[in-house]
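Asker:
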Amino acid sequence: MPSILIATDCTSHVHLIVGHTPLASARATRSLELGARVKLLAPADAPLHYNLLQQISSGAVEWIQKDIVTREDLTTLGREEVMGVVDAVFVTLSVGCAQNAQISALCKKLRIPVNVADSPSLCSFTLLSTYTDGPLHIGITTSGRGCKLASRIRREIVSHLPPRLGETCDRFGRLRRRIWQEDYAAVDAGGEGVPAEEDEDLGQGAGFNKLVVENEEGWEERKGRRIRWLSQMCEYWPLERLCALGEGDVEGLLEGYKKGGDPVVHHAQSILPPLPTLPKQGKILLVGSGPGHPDLLTTAALNAITSADLILADKLVPPPVLALIPRRTPVHIARKFPGNADAAQEELLSLGLSALQSGKTVVRLKQGDPYIYGRGGEEYLFFSAKGYAPIVVPGITSALSAGMFAGIPLTHRGVSDQVLICTGTGRKGELPVWPEYVKGRTTVLLMALHRLGEVVEGLKSRGWGGDMGCAVVERASCGDQRVVRSTLGEVVAAVEEVGSRPPGLLVVGEACGVLRGVSEGKKWVVEEGFGGF
Ligand code: SAH
């Protein structure tokens, strides 16, 4: 049986979300966006998704620390106006969980709309795959036949829509209201029987095409003419033409209406400016995702991630950043492994290109900053040559931030007034030209730890002393960040002992000892963990 599709205004409704997984987090975020109040029911010791923890600490989400949902919860956690009954329940527990059926049955008895993840038979409502552009909402359901398919269909439909359709809806709504006001003002003098503004779309009866006789216009006649006029515009104008309407055109149309003109004729006479050609253009963004912690993404990067049609990510982009990608957005992660880097890169570029050619918005997500050893420039040239010049969104580079997370100010008055970023790996894995020792300069070497012995030898050959302070910073800003503080003379032994935890880099120079050093008599110190912000 088909279902009725309903758009519900959730402002200030109470949504009860049961569970603590990324899905619970996604639900919470969506409910908050819709203006609902979110209460999360999960055990006190539940390992809450990172995003949920944040929403709780900011006060956006209230955490009800309980293991089991009871009837009392369902009938007391809600709004006062509805006597404490919650407005909707979203269960995000795992599929086999016994609570699923119990909560569903309770909700159904209490007539509370309930959605149980991946269990259509337990749901009293399901969620649509939606697209939103201002006042325009498009929702797709396959009635439980597959939400991935629904989202594919949605994307397909959306990719065929003319641009700025949401704006068009707004503009049309304004025109409609202006015409109503016009008629209202015209008959108000006579006064009687003029109703409040109503939804006239429903009123298109058999008289739709009836000719309206002049000099007979009371409220009802005007209403008929108004509906006919607006309907003709909706029905007969090409959608592209509607979308090309500007704010100024609204006034022109209103004049046309007042003079009793026909909107179809109005269109045919091309009073409006010629249609701009607006085919859906593929768009690509090269986006830097920062060194690891998701808080280090820029807002521009986050917006790009959440609005992409396709994400092409580097292998290095860490899981907490990938977790921000909407669940339905396809993601391809470069299959880079030693010896396959070029092939993986080519695969990525050709995937990107074909998505662009079909009008998609592609986000090429790169670790750190796209232009610091990220092949970002090469990708820029590649896509530009094909006619799609990328928009580049910078990211915080590990080269400049890893030292900071290890307590090393890369410049420090009287100690270091230069920073050099270089690599331990040249083209095709060759040895690079090693940077010479310059007093007052901090040197940061990326892609250098797999051959640390050679790096140290190389540096020594260029004037660096064995007692120069250095630090190996690995997985900077990630939960398992590790810093090994040592000297050039000892660092190889230190890393041999503690092992490696890629990605990591080497910072060398006097600045390494400014804030924290290696205590007397020790050859190195190891510091574990990253405390967050
Ligand atoms: N575009 C990236 C760098 C890519 S090259 C950026 O701007 O950060 C890959 C190298 O970056 C790794 O070999 C490592 O040296 C360094 N790197 C990347 N992320 C890192 C991190 N979180 N901590 C330490 N080094 C990192």
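Quick note: the sequence shown, position 380, residue 380 per full-length UniProt numbering, numbers continuous. Where a beta carbon is used, it is the ideal one built from N, C-alpha and C, also for glycine.
Taking all protein chains shown into account, decide if C234 is buried (16 or more other Cβ within 10 angstroms of its Cβ) or exposed.
Answerer: exposed
Asker: Just to check, is the beta-carbon of L286 closer than 8 Å to a non-hydrogen atom of the ligand SAH?
Answerer: no
Asker: At a cut-off of 8 Å, is Y257 close to the ligand SAH when judged by its beta-carbon and the heavy atoms of the ligand?
Answerer: Result no, Cβ not under 8 Å from the ligand SAH.
Asker: Taking only three categories from DSSP, how would you classify F337?
Answerer: coil
Asker: Report the residue ranges of all beta strand (DSSP E) runs contained in full by the segment 446-496; include only those spanning at least 3 residues, in chain order.
Answerer: 469-474 and 482-487
Asker: Output needed for A308: all residues of its chain with C-beta closer than 7 Å, excluding positions within five of it in sequence on either side, in chain order.
Answerer: T329, T361, V362 and V363
Asker: Could you have a look at D45 and say whether DSSP puts it in helix, strand or coil?
Answerer: coil
Asker: Consult DSSP for S358 and reduce its assignment to one of helix, strand or coil.
Answerer: coil
Asker: Under the three-state reduction of DSSP, which class applies to C123: helix, strand or coil?
Answerer: Here C123 sits in coil by DSSP.
Asker: In angstroms, rounded to a whole number, what distance separates the CA positions of K523 and A493?
Answerer: Near 9 Å, if we compare the C-alpha coordinates of A493 and K523.
Asker: Does the distance between the C-beta of M447 and the nearest non-hydrogen atom of the ligand SAH fall short of 8 Å?
Answerer: Indeed, a heavy atom of the ligand SAH lies less than 8 Å from the Cβ.
Asker: Once the 5 residues before and after M404 are set aside, which same chain residues still bring their CB inside 8 Å of it?
Answerer: L410
Asker: How long is the line joining the alpha carbons of I4 and P318, rounded to whole angstroms?
Answerer: 41 Å
Asker: Report the three-state DSSP secondary structure of F172 (helix, strand or coil).
Answerer: helix
Asker: Which word fits Y236, buried or exposed, when buried means at least 16 other C-beta atoms lie within 10 angstroms of its C-beta?
Answerer: exposed
Asker: Would you call V89 buried or exposed, if buried means 16 or more other Cβ atoms sit within 10 Å of its Cβ?
Answerer: buried
Asker: Alpha carbon to alpha carbon, what distance is there between A511 and S519?
Answerer: Straight-line Cα distance between these residues: approximately 16 Å.
Asker: When the distance is taken between beta carbons, is G290 closer than 9 Å to G173?
Answerer: no
Asker: Is the CB-CB distance between L165 and I112 below 9 Å?
Answerer: no
Asker: What are the boundary residues of the beta strand (DSSP E) that includes G288?
Answerer: K283 to G288
Asker: Going by C-alpha distance, which of T70, K148, P2 and Y50 is nearest L16?
Answerer: T70
Asker: What residue from L505, V495, T425 and S350 has the CA that sits closest to T443's CA?
Answerer: L505
Asker: With DSSP run on the structure shown, which of helix, strand or coil describes V95?
Answerer: The three-state secondary structure of V95, taken from DSSP, is coil.
Asker: Spell out the partners DSSP gives E510 in its beta bridges.
Answerer: The beta-bridge partner set that DSSP reports for E510 is empty.
Asker: Quick one: grab the DSSP three-state call for Q367.
Answerer: coil
Asker: If distances are taken between C-alpha atoms only, which option among S124, S143, R37 and S358 comes closest to M1?
Answerer: S143
Asker: Hey, is R154's beta-carbon within less than 9 Å of any beta-carbon in chain D?
Answerer: Protein chain content of the structure displayed is limited to a single chain, and chain D is not contained in it.
Asker: Label L285 either buried or exposed according to how many other C-beta atoms from any shown protein chain fall within 10 Å of its C-beta, with 16 as the threshold for buried.
Answerer: buried
Asker: Which same chain residues, not among the five before or five after V495, have their C-beta less than 8 Å away from its C-beta?
Answerer: L449, L452, V472 and V484
Asker: CB of G429 to nearest heavy atom of the ligand SAH: below 8 Å?
Answerer: no
Asker: Give a yes or no on contact between the segment 49-63 and the segment 106-120, applying the rule of three or more CB pairs nearer than 8 Å.
Answerer: no
Asker: Quick one: what does DSSP say G252 is sitting in, helix, strand or coil?
Answerer: helix
Asker: Below 8 Å on the Cβ atoms is my guess for S401 versus S477; work out the distance and round it to an integer in Å.
Answerer: 7 Å
Asker: With H, G and I counted as helix, E and B as strand and the rest as coil, what does DSSP make of A88?
Answerer: strand
Asker: Anyone know if the C-beta pair for A36 and C10 falls short of 9 Å?
Answerer: yes
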